[in-house]
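Everything below concerns the one structure shown next.
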Amino acid sequence: MTPAKATPLSQKTLPDLDPRVARPRYDRSAVSVGIVHFGVGGFHRAHQAMYLDTLMNDGKALDWGVCGVGVMPSDKAMQEALSKQDHLYTLLVKDGHGHVDARVIGSIVDYVYAPEEPQRVLEVMTAPTTRIVSLTVTEGGYNIDNSTGAFDVDNPVIKADVAGQGRGEPPVTMYGYVAEALRLRRERGIPPFTVMSCDNIQSNGEVARSSIASFAGLTDPELARFIRTEVLFPNAMVDRITPVTRPDVFETVSGEFGIEDAWPVSCEPFTQWVLQDTFGLGRPPFEDVGVQMVSDVEPYELTKLRLLNAGHQAIAYAGLFCGYTYAHEAAADPLFVQFLRDYWNTEARLTLPEAEGIDVEEYCDTLVERFANPEVRDTLARLGSYASDRIPKFVVPVIRANLANGLVSTRAIAIAVTWARYAENIDEQGKPFDIVDVEKDEVLARGARQKDDPLALARSTRWFGDLAEDPRFASVYTEQLALIHEVGAREFLVRVNALPK
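Its first residue numbered 32, the sequence shown is counted upward by one per residue in this note's numbering.
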């Protein structure tokens, strides 16, 4: 329960907050909407919105305020929470030594829940002052078939959105809103906004372009052509560990800093954003607050995806089997640290191009420190969620790239095997997991068949392509799956760590 002394967060109460709490130094009434953002979750609020708030505190980018948009039923709660406190929220930054900084972010100035106000969403998206539409809709939010790389036109949600718009109904999905807003802007002679993806996907701008144009092409091939050729979709690499807001975050915000906040967010101190400098209608001066503006993002995104994101997968499933709950618990275990470092040094690094300004060895040292930050309290269950989307993007490319050069990635395969064992949905004490995955039914069905067919999960071409047909991969994968069943996850890692490097 919130202590009586806690002050409800609002624009009016900002002057009353604890002096330790940083707050907007700019006149928020002077901030106008320049960005419409889909997917206002913890990461967006700890990352993009934070960068904009920093710029605004320096007297810059006041015409780049954010209007959030929610299209999912779960987004209604966020809309209600933020609207009651003038779209302000508290950001807690926690280092690994117990120090916490609290800051109120003010760059989000509006939030529209699309199912209730679809026309208002289209109005703000078609306003000439809206020059960027940004996205954090998760890795799975682009509706891409992992085996083909194509937009999944058979998705029932997509079919329903297309059918509804054919009947003159408003859009339902992010793709529908972006495509319709671009159509209306084109019809009215308003230049197209730039679509800026901030999701953990390789070539995320290109993926966003493909998804949105493919959706548009289901009803309007000419609009699809326009989107593919005239609308800009910069690629980006983003990084900041931002766990789900837990009860202890509310307790810290209210108990230590005296703020009654309906939805604060916490994160680690580290933050990185590498952004392709391709914008049609201008952009905030992101470089002034540490964003790396580059012509080619790929070297940076590959570094993150195959080191950090794959590293999370490396500790998630094995860590759960070893009885750990949080990432920092596994990252404090020398067994897991060796597994991570051996994977990074002997397999992942071999597949990476050079990224200017990044020392890979130093980067890996930083990752171990970040993973072991006990204040972040990121759960292994969260890191291991949506594995059917993450393993194909973070781990499988390392396996494939090394196989192409004649190297069998035993440690990357071991990460995939720990997921396969997890897909059986029973821990080493006989208890089920609470698996979260957009393809949960298929994952569990394949996991259940592994006793008779050890390659059941790996035979999914959506997740592994044709790897199961490669005897080099298949033999190692099969042997490792048998081993983890025989000796358990901890001894499994011991034996993998002992393999030649």
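We put the CB at the ideal spot given by N, CA and C, even for glycine.
Going by beta-carbon coordinates alone, are residue i and residue j separated by less than 8 Å?
i, j, result
"A476", "A489", "no"
"L351", "Y508", "no"
"M227", "E332", "no"
"A92", "P315", "yes"
"V238", "I163", "no"
"M205", "F310", "no"
"A77", "R271", "yes"
"F288", "A61", "no"
"A347", "L411", "yes"
"G236", "Q307", "yes"
"T161", "G197", "no"
"L524", "F370", "yes"
"T85", "V320", "yes"
"F504", "I444", "yes"
"V328", "N404", "no"
"N456", "G478", "yes"
"L83", "V97", "yes"
"G273", "V296", "The sequence given here has Thr at residue 273, not Gly. In contact: T273 and V296 (Cβ atoms closer than 8 Å)."
"A145", "V102", "yes"
"P149", "P201", "yes"
"V368", "R380", "no"
Could you check the C-alpha separation between residue i and residue j for me, to the nearest Å?
i, j, result
"S241", "T225", "14 Å"
"G127", "A210", "43 Å"
"Y417", "D230", "14 Å"
"Y173", "D484", "31 Å"
"M32", "D409", "Only weak support exists for where M32 lies, its pLDDT of 40 falling under 50; the coordinates are left without a value."
"D279", "R214", "45 Å"
"M81", "N376", "33 Å"
"G129", "F74", "21 Å"
"P39", "I66", "27 Å"
"D117", "T283", "21 Å"
"P34", "F281", "A caution first: P34 carries a pLDDT of 46, below 50, which makes its placement in the model too unreliable to give a value."
"R521", "V426", "20 Å"
"M87", "P531", "53 Å"
"V424", "L336", "It should be pointed out that residue 424 corresponds to Lys in this sequence rather than to Val. Their backbone Cα atoms lie some 8 Å apart in a straight line."
"P55", "G137", "6 Å"
"L338", "L122", "26 Å"
"I515", "T449", "8 Å"
"A361", "A513", "23 Å"
"M109", "G171", "20 Å"
"K190", "G248", "13 Å"
"L486", "I446", "15 Å"
"Q511", "L153", "52 Å"
"S245", "A212", "15 Å"
"R217", "W494", "38 Å"
"R59", "S326", "33 Å"
"V203", "E253", "21 Å"
"P330", "P384", "6 Å"
"D47", "Y120", "15 Å"
If residue i and residue j are in contact, beta carbons under 8 Å, what's the gap, nearest whole angstrom?
i, j, result
"I389", "T302", "About 15 Å separates the two Cβ atoms, so there is no contact after all."
"V262", "P223", "5 Å"
"S419", "V469", "7 Å"
"I232", "I243", "The pair is not a contact, with the Cβ atoms about 14 Å apart (cut-off 8 Å)."
"V71", "G99", "4 Å"
"L45", "V188", "About 40 Å; that fails the 8 Å criterion."
"A341", "V429", "7 Å"
"S285", "A37", "4 Å"
"R442", "V527", "6 Å"
"V439", "P300", "So it is not a contact: roughly 38 Å between Cβ atoms."
Where do the ends of the beta strand (DSSP E) carrying residue i lie?
i, result
"W304", "Q303 to Q307"
"Y142", "I139 to Y144"
"T250", "It is not in any beta strand (DSSP E) - T250 carries neither H nor E in the DSSP assignment."
"Q323", "Q323 to V325"
"T121", "Y120 to K125"
"R490", "Run containing R490: none; DSSP gives neither H nor E here."
"T225", "T225 to S228"
Alpha helix (DSSP H) containing residue i: first to last residue?
i, result
"D540", "A query on residue 540 cannot be resolved here, the shown segment of the chain reaching from 32 to 532 and no further."
"R163", "It is worth fixing the name first, because residue 163 is Ile in this sequence and not Arg. No alpha helix (DSSP H) holds I163; the beta strand (DSSP E) holding it covers I163 to L166."
"C395", "V391 to F402"
"D279", "P278 to E282"
"T334", "E329 to T334"
"D132", "Looking at the DSSP string, D132 is not in any alpha helix (DSSP H); the run it does join, the beta strand (DSSP E), is V131 to I136."
"H75", "G73 to A77"
"F288", "Per DSSP, F288 belongs to no alpha helix (DSSP H) and is neither H nor E."
Pairs of beta-carbons, one from the segment 364-378 and one from the segment 315-330, closer than 8 Å: are there three or more? By the Cβ test, the segment 364-378 is not in contact with the segment 315-330, since fewer than three Cβ pairs between them sit closer than 8 Å.
Are the segment 137-153 and the segment 175-194 in contact at 8 Å, needing three or more beta carbon pairs? Cβ pair count under 8 Å is below three, so no.
At least three beta-carbon pairs within less than 8 Å, the segment 413-428 to the segment 395-404: Two segments are said to touch when three or more pairs of C-beta atoms, one from each, lie closer than 8 Å; by this definition the segment 413-428 does not touch the segment 395-404.
At least three beta-carbon pairs within less than 8 Å, the segment 284-296 to the segment 93-104: Taking 8 Å as the limit for Cβ pairs, the verdict is that the segment 93-104 does not touch the segment 284-296.
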